[in-house]
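S.K.: Chains as they are written, first to last, in our numbering: chain A, 358 to 621; chain B, 23 to 259.
Input: one structure, supplied below.
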Amino acid sequence: MIEANGVTCRYGRTGDGGSDADDGDSVVAVDDVTLSVPDGELLVVAGANGSGKTTLVRTFNGLVEPDDGTVSVNGTPVSDDLVAARSAVGMVFQDPRDQLVAATVGADVAFGPENLGLSHAEIDRRVAAALDAVNMDGREADRIASLSGGERERVAIAGALAMEPAHLVLDEPFTGLDEPARRSVLDRLRELRTAGTSVIVVTHDLRELLGLADRVVGLSAGRVAVDDAPREAAAELPGLDVRVPASFETDGSPPARTGGADDP
Amino acid sequence: MTLSYVPGDSLAHRLDPRSKLLVQVGFAAAAYAHTAPRGLAALTLLAVACLSLAGGGPRDLWTYRAAFPVLLLAPLVAGATLGAPWFRVERAATTGLASYRVLLILVVAAGYVRSTPVRDSRAAIQRAVPGKPGQFLGTGVALVFRFLPLLKRDLLTAREAVRARGGGALPVRERVRLVAVAGINRAFGRADRLGTALNARCFAWNPTLPRLALGPADYPALAVGGGLAAAAVASVV
């Protein structure tokens with residue numbers, strides 16, 4: 358379980374701190390957020406640009422250190438063991454090009470497990486399993502530069518999965534993807550949740566995700582404005598400049614599309 | 023086109039990176055020791071063989087195009103004099119041979135880069151140089167090879183963005199300034215994001231390194247590398 362208690366993050370802090378509001382020198386990106394993510398849950402963190410979504414989820418594995426409050430993963434404060442937190446919380450960035458660090462698919466997926474100091478046999482097993490999970494098995498030798506956007510996204514997910522995280526965070530995973538690639542990523546998310554991995558998806562567009570989510574947290578100006586089941590949250594999210602479908606099903610299947618009749 | 027690792031099954035791909043590094047070092051030493059045309063002719067054949075055995079060809083040398091004007095101009099500058107006879111052919115020839123051997127070393131390096139995964143290079147360096155210095159050197163090499171292609175792509179994108187908005191009509195100096203400023207901005211952003219990505223994936227100074235093992239094909243390569251190094255030493259002594 359991931360637990361955030363009173364998390365506040367400021368940017369451009371001048372050191373005088375202490376204020377929870379913008380003071381002209383600092384911007385409060387995340388403002389006193391308390392939430393928990395149980396194991397196996399598919400949580401959507403929604404909000405408009407600049408609402409603090411990315412900053413919040415980056416505290417989950419210590420990429421951003423909160424100015425106030427604490428984050429713990431499986432009962433251990435993130436700040437106490439960054440490697441444990443980063444192993445337990447896999448992160449897929451908004452732009453996979455920022456995340457892929459090797460020339461070939463296999464080398465990139467192996468990068469994280471190698472850093473954990475695992476045996477070669479275990480690294481090979483994890484790479485094969487992670488690529489299989491994203492439908493890219495047997496493509497270890499493919500060059501990253503030759504992949505399409507959707508394939509890069511899937512390799513980025515595989516790179517996170519190879520760490521065998523209990524929780525997977527995906528930051529705007531559908532940005533720049535065409536429809537088949539979006540469906541492919543959605544299928545992978547569905548399978549991951551079925552396999553017991555909790556999945557946290559950051560987005561400002563819930564059209565594909567609302568039917569899949571167990572819970573939706575809406576952020577506005579760094580604060581939690583909505584924290585509810587998808588159906589109940591859907592009514593309030595448009596007020597946060599989040600796109601939601603006009604209708605959706607909650608049986609885990611792809612959401613029903615309504616011919617472009619999405620709410621603004 | 024950026025020179026980088028290209029997956030393949032060529033002979034060079036099957037060689038241990040340590041063998042290839044020894045060939046490179048030996049080749050560079052021999053190129054600097056044997057500067058006569060006959061020696062450089064022999065090294066030319068070897069350099070072409072190295073690139074061919076890595077599955078490469080002349081196209082790979084396009085990566086070095088920025089260096090070509092310097093290599094071509096150097097003999098002309100060296101031969102020029104401020105007074106009569108205005109140009110000394112022997113000086114130009116000596117510098118021309120020096121430029122040529124630099125080109126040969128670049129050809130061999132191209133064969134290495136296209137046939138060796140970055141993490142194998144890191145493993146070879148960390149095993150050849152023990153302790154912290156090896157970790158530092160290996161990580162540095164790995165980061166440079168990972169970062170440079172991204173940086174180059176950012177610069178090209180900046181140049182295209184300038185052109186797409188009519189910047190092609192601007193004076194060269196202004197275009198260079200625009201691309202440089204945008205490129206530096208993007209480089210800092212890229213470095214920041216790369217650092218974040220490495221952190222997110224538990225970057226370690228001493229990770230599990232890929233398996234390296236010398237095979238039957240490595241022994242001739244080691245002999246070639248050792249022979250080149252010995253020839254270089256023999257010519258100096």
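Even glycine gets a Cβ: it sits at the ideal position worked out from N, Cα and C.
Fully enclosed by the stretch 464-495 of chain A, which alpha helix (DSSP H) runs are 4 residues long or longer?
M.R.: You should have 477-490.
S.K.: Counting Cβ pairs closer than 8 Å, one from the stretch 535-542 of chain A and one from the stretch 568-583 of chain A, do we hit at least three?
M.R.: With a cut-off of 8 Å, the stretch 568-583 of chain A and the stretch 535-542 of chain A do not count as touching, because too few Cβ pairs lie within range.
S.K.: Identify whether residue 561 of chain A lies in helix, strand or coil by the three-state DSSP scheme.
M.R.: Reduced to three states, the DSSP call for residue 561 of chain A is coil.
S.K.: If distances are taken between C-alpha atoms only, which option among B/205, B/57 and B/235 comes closest to residue 118 of chain B?
M.R.: Nearest option by C-alpha distance: B/57.
S.K.: Going along chain B, which residues have a C-beta under 8 Å from residue 474 of chain A?
M.R.: Those within 8 Å of residue 474 of chain A in chain B are 226, 228, 229 and 230.
S.K.: Residue 551 of chain A by DSSP, collapsed to three states: which one?
M.R.: Residue state, collapsed to three classes: helix.
S.K.: Could you name the residues of the same chain whose beta carbon sits closer than 6 Å to that of residue 48 of chain B, not counting the 5 residues immediately before and after it, in chain order?
M.R.: These residues qualify, in order along the chain: 247, 250 and 251.
S.K.: Just curious, the beta strand (DSSP E) that residue 388 of chain A is in, first and last residue?
M.R.: Residue 388 of chain A -> beta strand (DSSP E) spans 384-394.
S.K.: Based on the DSSP output, what are the partners of residue 366 of chain A in its beta bridges?
M.R.: Beta-bridge pairing links residue 366 of chain A to A/387.
S.K.: Got a sec? Which residues, its chain only, sit under 7 Å from residue 157 of chain B by beta carbon, not counting five neighbours each side?
M.R.: 148, 227 and 228.
S.K.: Report yes or no: do the stretch 517-532 of chain A and the stretch 439-448 of chain A share at least 3 C-beta pairs separated by less than 8 Å?
M.R.: Touching, per the Cβ criterion.
S.K.: Let me know the secondary structure DSSP gives residue 424 of chain A once reduced to three states.
M.R.: Three-state DSSP puts residue 424 of chain A in coil, outside helix and strand.
S.K.: Could you work out which residue in B/182, B/210 and B/211 is closest to residue 198 of chain B when comparing CA atoms only?
M.R.: Residue B/182 is the option with its Cα nearest to residue 198 of chain B.
S.K.: Please state the DSSP three-state secondary structure of residue 458 of chain A.
M.R.: Reduced to three states, the DSSP call for residue 458 of chain A is coil.
S.K.: Residue range of the alpha helix (DSSP H) that residue 142 of chain B falls in?
M.R.: Its alpha helix (DSSP H) spans residues 140-150.
S.K.: In the stretch 121-141 of chain B, which residues sit with their C-beta less than 7 Å from some C-beta in chain A, listed in chain order?
M.R.: Cβ contacts with chain A: 139, 140 and 141.
S.K.: Take residue 45 of chain B as the anchor and find which of B/82, B/68, B/212 and B/232 has the nearest alpha-carbon.
M.R.: Among B/82, B/68, B/212 and B/232, the Cα nearest to that of residue 45 of chain B is on B/68.
S.K.: List the residues of chain B whose Cβ lies closer than 9 Å to the Cβ of residue 477 of chain A, in chain order.
M.R.: Chain B residues near residue 477 of chain A: 230, 232 and 233.
S.K.: Which residues in the same chain as residue 645 of chain A place their Cβ atom closer than 7 Å to its Cβ, once the five residues preceding and following it in sequence are excluded?
M.R.: Nothing about residue 645 of chain A can be reported from this structure: the residues present for chain A run from 358 to 621 only.
S.K.: Please name the residues in the stretch 492-507 of chain A whose beta-carbon is closer than 7 Å to at least one beta-carbon of chain B, in chain order.
M.R.: Cβ contacts with chain B: 498 and 500.
S.K.: Helix or strand or just coil, what does DSSP make of residue 195 of chain B?
M.R.: Of the three classes helix, strand and coil, the one that applies to residue 195 of chain B here is helix, per DSSP.
S.K.: Taking a contact to mean a Cβ-Cβ separation below 7 Å, would you say residue 582 of chain A touches residue 597 of chain A in this structure?
M.R.: Yes; because the gap between Cβ atoms is below 7 Å, this pair is in contact.
S.K.: So, helix, strand or coil for residue 591 of chain A, using DSSP?
M.R.: Here residue 591 of chain A sits in helix by DSSP.
S.K.: Less than 8 Å between the CB atoms is what I'm expecting for residue 462 of chain A and residue 499 of chain A, so what's the real figure, rounded?
M.R.: At roughly 5 Å, the Cβ-Cβ gap stays under 8 Å, so residue 462 of chain A and residue 499 of chain A are in contact.
S.K.: 7 Å is my cut-off, CB to CB: does residue 422 of chain A come that close to chain B?
M.R.: Not one chain B Cβ lies under 7 Å of residue 422 of chain A.
S.K.: Kindly indicate which three-state DSSP category residue 582 of chain A falls into: helix, strand or coil?
M.R.: The answer is strand: DSSP assigns residue 582 of chain A an E or B state.
S.K.: Assign residue 368 of chain A to one of two classes, buried (16 or more other C-beta atoms within 10 Å of its C-beta) or exposed (fewer than that).
M.R.: Exposed, because fewer than 16 other Cβ atoms sit within 10 Å of the Cβ of residue 368 of chain A.
S.K.: Considering only the beta carbon of each residue, do residue 41 of chain B and residue 244 of chain B sit closer than 7 Å?
M.R.: Yes, these two residues count as a Cβ contact at 7 Å.
S.K.: For residue 201 of chain B and residue 235 of chain B, what's the separation of their Cα atoms in angstroms?
M.R.: Near 45 Å, if we compare the C-alpha coordinates of residue 235 of chain B and residue 201 of chain B.
S.K.: Report yes or no: do the stretch 153-167 of chain B and the stretch 86-105 of chain B share at least 3 C-beta pairs separated by less than 8 Å?
M.R.: Counting Cβ pairs under 8 Å, fewer than three are found: no touch.
S.K.: With a threshold of 7 Å between beta-carbons, can residue 241 of chain B be considered close to chain A, or not?
M.R.: For residue 241 of chain B, the answer is no, since every Cβ of chain A falls outside 7 Å of its Cβ.
S.K.: In or out: residue 34 of chain B buried (at least 16 other Cβ within 10 Å) or exposed?
M.R.: The residue in question, residue 34 of chain B, is buried, as its Cβ has 16 or more Cβ neighbours within 10 Å.
S.K.: For the stretch 48-124 of chain B, which segments carrying the alpha helix (DSSP H) assignment without a break, of at least 4 residues, lie completely within its bounds, in sequence order?
M.R.: Taking only runs of at least 4 residues, the alpha helix (DSSP H) segments lying wholly in the stretch 48-124 of chain B are 59-75 and 90-101.
S.K.: When the Cα atoms are used, what is the spatial distance from residue 366 of chain A to residue 136 of chain B?
M.R.: Near 44 Å, if we compare the C-alpha coordinates of residue 136 of chain B and residue 366 of chain A.
S.K.: By alpha-carbon positions, which one of A/407, A/527 and A/399 ends up nearest to residue 387 of chain A?
M.R.: Nearest option by C-alpha distance: A/407.
S.K.: Between which two residues does the alpha helix (DSSP H) carrying residue 240 of chain B extend?
M.R.: Counting along the chain, the alpha helix (DSSP H) containing residue 240 of chain B begins and ends at 240-258.
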